[in-house]
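S.K.: Sharing a structure below in structure tokens format, with a few things to ask.
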Amino acid sequence: MANHKSAAKKARRDAEARLRNRSNRSTLKTAVKTFLALVASGKKDEAAQVLPLTQGLIDKACRKGVMHKNAADRSKSRLALKVNKLA
Numbered sequence: 004m005a006n007h008k009s010a011a012k013k014a015r016r017d018a019e020a021r022l023r024n025r026s027n028r029s030t031l032k033t034a035v036k037t038f039l040a041l042v043a044s045g046k047k048d049e050a051a052q053v054l055p056l057t058q059g060l061i062d063k064a065c066r067k068g069v070m071h072k073n074a075a076d077r078s079k080s081r082l083a084l085k086v087n088k089l090a
């Protein structure tokens with residue numbers, strides 16, 4: 004339990020940020036799973052259409068501080084490689 008007024012406020016802010024981050028992370032993970040399902044089923048055209056949307060969500064997560072910049076870049080690169088490998 005917080006002993007100071009400022010510590011109590013920090014705890015409240017952290018709780019709100021945790022919920023926001025969890026929401027962003029959940030949305031991102033759902034989009035990536037949808038994309039990977041398209042790749043696994045071999046639907047290159049649909050996967051290519053969904054790729055920019057998924058990469059945009061990764062960029063958003065990076066901007067919001069949910070994901071590190073290098074991790075975001077690595078994820079986007081790996082998703083693009085998966086689409087390019089499809090015949």
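Sequential numbering of the sequence shown, starting at 4, is according to this note's numbering.
Think of the CB as a built atom: it goes at the ideal place given N, C-alpha and C, for glycine as much as any other residue.
Predicted model only: the values in this text are computed from it and were never measured.
1. Can you tell me whether residue 31 is buried or exposed? The criterion is at least 16 other CB atoms within 10 Å of its CB, across all chains shown.
2. Give the straight-line distance between the Cα atoms of residue 97 and residue 79, rounded to the nearest whole angstrom.
3. With residue 14 and residue 20 assumed to form a contact (beta carbons below 8 Å), what rounded beta-carbon distance in angstroms separates them?
4. Cutting at 7 Å between CB atoms, please list the residues of its own chain near residue 45, excluding the five before and the five after it.
5. With a threshold of 6 Å on Cβ separation, who are the neighbours of residue 58 within its own chain once the five nearest residues in sequence on each side are excluded?
6. When the distance is taken between beta carbons, is residue 28 closer than 9 Å to residue 64?
M.R.: A quick look at the data gives this:
1. buried
2. Because the chain here runs from 4 to 90, residue 97 falls outside it and cannot be looked at.
3. The Cβ separation is near 11 Å, so there is no contact.
4. The residues are 89.
5. 79
6. yes
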